[in-house]
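2 protein chains.
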Amino acid sequence: MIEEKKSPENSDLTKTGKSGLIKEKAAGFEKFYKNSITGVGEDASVVKLDEKYAVFSSKLFIENVHFDLGYFPLKHLGYKCVAVTLSDILAMNVIPTQLRVNIAVSNRFSKPAIDELMEGITICCKIYKIDLIGLDISSSSVGLIISMEAVGQANNKTMVNRAGAGEKELICVSGDLGAAYTGLLLLEREKQVFKAHPDNQPDLSEFDYLIERQIKPEPRFDLIDALKKEEILPTSMIHVTDGLASALMNVCKASQKGCMVYENKIPVDTLTCNTLRDLKIVATTIALNGGEDYELLFTVKQEDFEKIQHIENVSIIGYITEPEEGYMLISNDEKVIELQAQEFSGY
Amino acid sequence: MIEEKKSPENSDLTKTGKSGLIKEKAAGFEKFYKNSITGVGEDASVVKLDEKYAVFSSKLFIENVHFDLGYFPLKHLGYKCVAVTLSDILAMNVIPTQLRVNIAVSNRFSKPAIDELMEGITICCKIYKIDLIGLDISSSSVGLIISMEAVGQANNKTMVNRAGAGEKELICVSGDLGAAYTGLLLLEREKQVFKAHPDNQPDLSEFDYLIERQIKPEPRFDLIDALKKEEILPTSMIHVTDGLASALMNVCKASQKGCMVYENKIPVDTLTCNTLRDLKIVATTIALNGGEDYELLFTVKQEDFEKIQHIENVSIIGYITEPEEGYMLISNDEKVIELQAQEFSGY
Numbered sequence: 056m057i058e059e060k061k062s063p064e065n066s067d068l069t070k071t072g073k074s075g076l077i078k079e080k081a082a083g084f085e086k087f088y089k090n091s092i093t094g095v096g097e098d099a100s101v102v103k104l105d106e107k108y109a110v111f112s113s114k115l116f117i118e119n120v121h122f123d124l125g126y127f128p129l130k131h132l133g134y135k136c137v138a139v140t141l142s143d144i145l146a147m148n149v150i151p152t153q154l155r156v157n158i159a160v161s162n163r164f165s166k167p168a169i170d171e172l173m174e175g176i177t178i179c180c181k182i183y184k185i186d187l188i189g190l191d192i193s194s195s196s197v198g199l200i201i202s203m204e205a206v207g208q209a210n211n212k213t214m215v216n217r218a219g220a221g222e223k224e225l226i227c228v229s230g231d232l233g234a235a236y237t238g239l240l241l242l243e244r245e246k247q248v249f250k251a252h253p254d255n256q257p258d259l260s261e262f263d264y265l266i267e268r269q270i271k272p273e274p275r276f277d278l279i280d281a282l283k284k285e286e287i288l289p290t291s292m293i294h295v296t297d298g299l300a301s302a303l304m305n306v307c308k309a310s311q312k313g314c315m316v317y318e319n320k321i322p323v324d325t326l327t328c329n330t331l332r333d334l335k336i337v338a339t340t341i342a343l344n345g346g347e348d349y350e351l352l353f354t355v356k357q358e359d360f361e362k363i364q365h366i367e368n369v370s371i372i373g374y375i376t377e378p379e380e381g382y383m384l385i386s387n388d389e390k391v392i393e394l395q396a397q398e399f400s401g402y
Numbered sequence: 056m057i058e059e060k061k062s063p064e065n066s067d068l069t070k071t072g073k074s075g076l077i078k079e080k081a082a083g084f085e086k087f088y089k090n091s092i093t094g095v096g097e098d099a100s101v102v103k104l105d106e107k108y109a110v111f112s113s114k115l116f117i118e119n120v121h122f123d124l125g126y127f128p129l130k131h132l133g134y135k136c137v138a139v140t141l142s143d144i145l146a147m148n149v150i151p152t153q154l155r156v157n158i159a160v161s162n163r164f165s166k167p168a169i170d171e172l173m174e175g176i177t178i179c180c181k182i183y184k185i186d187l188i189g190l191d192i193s194s195s196s197v198g199l200i201i202s203m204e205a206v207g208q209a210n211n212k213t214m215v216n217r218a219g220a221g222e223k224e225l226i227c228v229s230g231d232l233g234a235a236y237t238g239l240l241l242l243e244r245e246k247q248v249f250k251a252h253p254d255n256q257p258d259l260s261e262f263d264y265l266i267e268r269q270i271k272p273e274p275r276f277d278l279i280d281a282l283k284k285e286e287i288l289p290t291s292m293i294h295v296t297d298g299l300a301s302a303l304m305n306v307c308k309a310s311q312k313g314c315m316v317y318e319n320k321i322p323v324d325t326l327t328c329n330t331l332r333d334l335k336i337v338a339t340t341i342a343l344n345g346g347e348d349y350e351l352l353f354t355v356k357q358e359d360f361e362k363i364q365h366i367e368n369v370s371i372i373g374y375i376t377e378p379e380e381g382y383m384l385i386s387n388d389e390k391v392i393e394l395q396a397q398e399f400s401g402y
């Protein structure tokens, strides 16, 4: 018999934090093969094969944890799961090429519902030229669970991880931040309105961009292609899943460096700004701590400054510093604020 | 808003069956790369890299679907999940070498509970020399969910799939069958007894072997090694996850062949036989339709008959026939019975 109680030891988890727990668990494993280029703590795992590397990523999506079917169309959900899984490979500066999918569904899902989910998966695979190399569908007692694994191939010279950022290098980020979380706030608000007044048809058309950023994020293949075209090899890279602050700190920790970023350089879309103002929320807070933007954060050498200008939708938001200087933000009113990252809040 | 109703369309799923549904879904995907050696319908997926192949498998384990923590110690659960995931790679005649793990836990799991689970994972990785190349731990609203991906490397000449069985070839199976399911029956019975009389301490010591087959199955690395040593290259291979009947039919369907197997050749352990007799269940039924033995079923050319004798714990249970002859069992009283496989019953 297993005892499953909410014991006082539970609080250890909050103390250790997610990355601490993973690090601790990973340390318990021996290493047997020279060709296992470890992936724990990175966005994807790497195995060397002859001179080529196979790069894997995997993601678990659980109903009511990662998505709410109350406002998430199944087709978009399928699309988003693929996009997120591929994004992990892109964050290594590698183009993903294959995908495995495992789906577990309870009997409240009809065949047409599964069709819709799979249609979204198929569309995303088609757009980004991904081969499905595995698919399993099984039963679940607890709603919808989706597990996906993406694979890419790389050579050692162009693969980028989180650990290579050097002092005085430029910190860049693709696209804009905070829109996905703002979209989520709107959807949550409409859900409450709908509960209270089921006859109200919500009109979210003016917020299309924000809803789309939440419901249908796009993996940044375009950036990886553009970097290659401009012959820029980033020194470190990560995708922004839990807000800019956490991404920045993960790069700095892995690289054993500090950072200085400027609030007025953080890219936030105008609609995001205006919507958050109406909601009485500071946009920078959401850019720093909101989740699911799936933009790429990367560092480049100063000599690449000119080349970076040739790439659309990339912002230089600051630079890498010595580790003693910590993780700092210069606010719009020129105050120096230490960055905080929220971690494992969902535990 | 998503409509989630138990609609009449649900029944379609039962009609289509699991493999039909997967086939249908897989057909919707385009193929873009020559190096994607498709894995849908196989135990693992294959990607070619230069002259080497990376072989992946993935599994999803969900509380109250794949395991009941009422009688499953977390340490054994961790061990079993790894063993099952590795078994998928072995079933391609490939030695797995790397593993990725994603775990989602609800807050009823304490830190020591996660420690215990991870300990089982670590032990299995150590025994079978597996490198952990990825680990993620996240939150779940619905109990414990584990997703694992294993990776192996192979060259084209020794990799075996389900589709190569030829007429008159020998059908072989490793170990014995039905014990894991018999162990599950005992555990389920004890759970009911415990519910009715919580003070009763169950004594299952005489059933150790059966409980162990259910709780701690071993992946058959030994068979893959032995086949290599004897220089036997199987013509087809699969692992026995849902009973012998379903494994046999999957090999025959993929190879477009029939089969003839003998009831008296099917390996069933004496304790399994005796226990099932006491439970008034026919042992052959459980060997054919019980699950989770994770033994390997494979076919070899007739000329390998002598060599097969050198390998311990392998039974020759029949031979491959022309497709028109169907999937046949010669019973102990010499009746010819058509094999039936249960599929997707858990949907």
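Each protein sequence line maps, in turn, to chains Z and A. Once you know that position 51 of the first sequence is 106 in my numbering, the rest is easy, because the numbers rise by one and skip nothing. Once you know that position 337 of the second sequence is 392 in my numbering, the rest is easy, because the numbers rise by one and skip nothing. Here a beta-carbon is modelled for each residue, glycine too, at the ideal position from N, C-alpha and C. Values in this document were obtained by computation on a predicted structure and should not be read as measured data.
CB-CB under 6 Å to residue i, same chain, minus the five flanking residues each way: which ones, in chain order?
i: K362/Z; result: E285 and I287
i: I270/Z; result: H131
i: L50/Z; result: Absent from the model: residue 50/Z. The displayed extent of chain Z is 56 to 402, so no value can be given.
i: E171/A; result: L129 and K130
i: S193/A; result: A159
i: I200/Z; result: I117 and A159
i: N387/A; result: E318 and N319
Please list the terminal residues of the continuous beta strand (DSSP E) segment that includes residue i.
i: G189/Z; result: D186 to S194
i: L141/Z; result: Careful: L141/Z lies outside any beta strand (DSSP E), inside the alpha helix (DSSP H) at L129 to L145.
i: V391/Z; result: V391 to E393
i: L239/A; result: Note, L239/A: premise wrong, no beta strand (DSSP E); alpha helix (DSSP H) at A234 to A251.
i: Y382/Z; result: Y382 to I385
Could you name the residues that DSSP lists as bridge partners for residue i?
i: E118/Z; result: F122/Z
i: S407/A; result: Residue 407/A is absent from the structure shown; chain A starts at 56 and stops at 402.
i: P151/Z; result: G207/Z
i: H294/A; result: L351/A
i: I371/Z; result: C227/Z
i: L303/A; result: Paired residue(s): none; L303/A is not in a bridge.
i: L104/Z; result: K107/Z
i: T376/Z; result: G313/Z
i: I200/A; result: I117/A and A159/A
i: S91/Z; result: V102/Z
Could you check what DSSP says for residue i in three-state terms: helix, strand or coil?
i: G354/Z; result: For clarity, residue 354/Z is Thr in the given sequence; the question names Gly instead. Note: T354/Z maps to strand in three-state DSSP.
i: A309/Z; result: helix
i: E285/A; result: coil
i: A159/A; result: strand
i: S260/Z; result: helix
i: V178/A; result: In the sequence on display, residue 178/A carries Ile and not Val. Here I178/A sits in helix by DSSP.
i: K86/A; result: coil
i: K60/Z; result: Bear in mind that a pLDDT of 32 at K60/Z, under 50, signals an unreliable position, so the model cannot answer this.
i: P45/Z; result: Since the first and last residues shown for chain Z are 56 and 402, residue 45/Z lies out of range.
i: G219/A; result: helix
Grab me the residues of residue i's own chain with a C-beta within less than 8 Å of its C-beta, minus the 5 sequence neighbours each way, in chain order.
i: E350/Z; result: V228, S229, G230, D231, L232, R275, H294 and V295
i: V248/Z; result: N255 and P257
i: G313/A; result: C307, I375, T376, E377, P378, E379, E380, G381, Y382 and M383
i: D105/A; result: none
Below 7 Å CB to CB, which residues in the same chain sit around residue i once its five sequence neighbours on both sides are set aside?
i: K356/A; result: E224 and T290
i: F353/Z; result: C227, P289, S291 and M292
i: V206/A; result: A109, V110, F111, P151, T152 and Q153
i: E59/A; result: Here E59/A scores only 31 on pLDDT, less than 50, and its place in the model is too uncertain to base an answer on.
i: D280/A; result: none
i: V149/A; result: V110, G207, A209 and M214
i: C328/A; result: A338
i: L259/Z; result: L241, E245 and I266
Grab the span of the alpha helix (DSSP H) containing residue i for me, first residue to last.
i: Y264/Z; result: D263 to I270
i: R332/A; result: T325 to D333
i: K362/Z; result: F360 to Q364
i: I321/A; result: Counting along the chain, I321/A falls outside any alpha helix (DSSP H), and DSSP gives it neither H nor E.
i: N344/Z; result: A338 to N344
Any chance the region 365 to 373 of chain Z sits against the region 259 to 267 of chain Z, with 3 or more Cβ pairs inside 8 Å?
Touching, no, given that fewer than three Cβ pairs across the two stretches are closer than 8 Å.
To be precise: take each residue of the region 179 to 193 of chain A, compare its Cβ to all Cβ atoms of chain D, and keep it if any distance is under 9 Å. Which residues remain?
No chain D appears in the structure shown, which is made up of the protein chains Z and A.
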